[in-house]
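Report on one structure; see the data block that follows.
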Ligand SMILES: Cc1cc2nc3c(=O)[nH]c(=O)nc-3n(C[C@H](O)[C@H](O)[C@H](O)COP(=O)(O)OP(=O)(O)OC[C@H]3O[C@@H](n4cnc5c(N)ncnc54)[C@H](O)[C@@H]3O)c2cc1C
Ligand code: SF4
Ligand code: SF4
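In this note's numbering, the protein residues as written are 3 to 362.
Now the structure itself:
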């Protein structure tokens with residue numbers, strides 16, 4: 003790994019370390035945690051850049067970066083879980099309840115990714131006053147994802163669906179935290195974002211971040227570079243606004259992208275070159291640091307898997323159940339076993355990738 007401190011800056015400065023160890027090393031997954039936390043970092047078109055030097059040796063940027071090399075990544079995770087009063091339990095992280103579920107509201111159909119559990123829970127958390135505002139990801143200019151703050155059902159539904167590209171939503175969280183309000187904030191984020199959000203909330207020099215009151219995590223195997231995805235779509239002849247994208251389960255082997263003109267299936271070998279290289283080093287499939295995690299339900303289209311992880315997550319799910327917002331069914335043991343194996347495999351692949359990197 004080459005250190006390239008900006009002219010006159012010590013290599014030990016936090017921003018210089020972030021640049022050398024994460025940005026220039028190609029590990030950044032554009033979670034956005036360092037952006038809007040520090041004026042020296044900017045986010046544009048899916049990428050983080052540090053055009054100026056900072057020089058501070060105790061900057062927070064490297065502390066909160068989920069991709070910063072750590073002597074023992076599992077220990078960092080366990081420490082954050084301990085601070086949250088939750089046990090580490092591999093391979094899925096802390097789990098109180100497991101369900102398959104889908105939202106019952108008929109107007110969600112065609113707008114949400116699968117079962118609409120995430121959007122339903124966010125709207126409920128806002129309506130019940132568990133949070134005053136939620137940070138989500140939606141398509142911005144050029145279709146590139148960006149963080150957005152939502153307070154109403156309409157705003158939450160405007161961000162429904164998955165964008166398979168990194169959108170830096172945590173920069174919108176930092177902006178919200180800088181405004182001096184006191185309402186609790188919610189976040190919907192990928193596992194790397196749930197980890198970074200926990201690091202923000204636990205940071206001794208970021209007391210404002212204690213306002214983070216709810217993290218809904220998404221399962222994630224990989225993500226794409228926003229610019230790379232645009233190139234792939236262009237090459238495949240997909241023009242206009244994307245209304246839905248999905249990686250259907252194997253053996254499909256494609257990324258499916260829908261626009262007003264129809265649906266295009268793009269073979270995975272055209273997509274793989276634009277996968278963020280940093281994702282290969284990510285051990286977390288199911289957002290272990292979230293209050294409640296949501297993914298697809300294996301073999302059950304239109305449904306979600308839910309992992310309830312914390313007291314706050316439990317409270318939200320219990321409210322949804324009491325208000326008849328979700329249809330919940332028991333997740334079959336075989337599917338739970340498959341999920342555990344997938345999570346363990348992702349952790350093992352990441353461990354091997356870190357080792358390979360360390361060995362040069
Ligand atoms: C990059 C990516 C990879 C994923 N990989 C997997 C996987 O391997 N296995 C699996 O089971 N599920 C995966 N998911 C999760 C899955 O696609 C759904 O998001 C999840 O099941 C919730 O479904 P839903 O119907 O409740 O979502 P909805 O109610 O439609 O809500 C979706 C939420 O996702 C948020 N969102 C959209 N794009 C992004 C983004 N790029 N970054 C952060 N948040 C975003 C939106 O703001 C919205 O709040 C992935 C999602 C993404 C974005
Ligand atoms: S991974 Fe997140 S915190 Fe780390 S450099 Fe990229 S945007 Fe910043
Ligand atoms: S694979 Fe990991 S690092 Fe990559 S986007 Fe998903 S959660 Fe983030």
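C-beta: ideal position from N, C-alpha, C; glycine also.
Using DSSP bridges, identify the partner residues of residue i.
i           : result
residue 347 : According to DSSP, residue 347 bridges with nothing at all.
residue 139 : 149
residue 248 : 258
residue 291 : Partner(s): none; residue 291 has no beta bridge.
residue 40  : 37
residue 223 : Note: residue 223 sits in no beta bridge, so no partner.
residue 296 : 220 and 308
residue 133 : Answer is none; residue 133 lacks a bridge partner.
residue 190 : 218
residue 330 : 103
What is the DSSP secondary structure of residue i, counted as helix, strand or coil?
i           : result
residue 122 : helix
residue 340 : helix
residue 83  : helix
residue 3   : Its pLDDT being 29, under 50, residue 3 is placed unreliably in this model, and the coordinates cannot settle the point.
residue 102 : strand
residue 158 : helix
residue 62  : coil
residue 278 : coil
residue 49  : strand
residue 172 : helix
residue 267 : strand
residue 315 : helix
What is the rounded straight-line gap between the Cα of residue i and the Cα of residue j?
i           : j           : result
residue 167 : residue 49  : 11 Å
residue 57  : residue 65  : 15 Å
residue 37  : residue 177 : 9 Å
residue 343 : residue 93  : 8 Å
residue 156 : residue 137 : 14 Å
residue 4   : residue 19  : Confidence at residue 4 is low in this model, with a pLDDT of 32, below 50, so the placement of that residue should be treated as unreliable; the coordinate-derived value is given next. The alpha-carbon atoms of residue 4 and residue 19 are separated by roughly 10 Å.
residue 88  : residue 331 : 25 Å
residue 7   : residue 263 : Confidence at residue 7 is low in this model, with a pLDDT of 48, below 50, so the placement of that residue should be treated as unreliable; the coordinate-derived value is given next. Their Cα atoms are separated by approximately 48 Å.
residue 226 : residue 175 : 21 Å
residue 117 : residue 304 : 5 Å
residue 76  : residue 316 : 25 Å
residue 81  : residue 349 : 17 Å
residue 126 : residue 321 : 8 Å
residue 282 : residue 355 : 7 Å
residue 269 : residue 275 : 12 Å
residue 160 : residue 51  : 28 Å
Check this for me: beta carbons of residue i and residue j, under 8 Å apart or not?
i           : j           : result
residue 113 : residue 146 : no
residue 291 : residue 172 : no
residue 224 : residue 277 : yes
residue 285 : residue 353 : yes
residue 2   : residue 17  : Any answer about residue 2 is impossible in this case: the structure gives the chain only from 3 up to 362.
residue 218 : residue 120 : yes
residue 242 : residue 265 : no
residue 302 : residue 101 : no
residue 199 : residue 191 : yes
residue 287 : residue 222 : yes
residue 297 : residue 220 : yes
residue 267 : residue 164 : no
residue 306 : residue 104 : yes
State yes or no: is the C-beta of residue i nearer than 7 Å to some heavy atom of ligand 5?
i           : result
residue 263 : The model depicted lacks ligand 5 and carries ligand 1, ligand 2 and ligand 3 instead.
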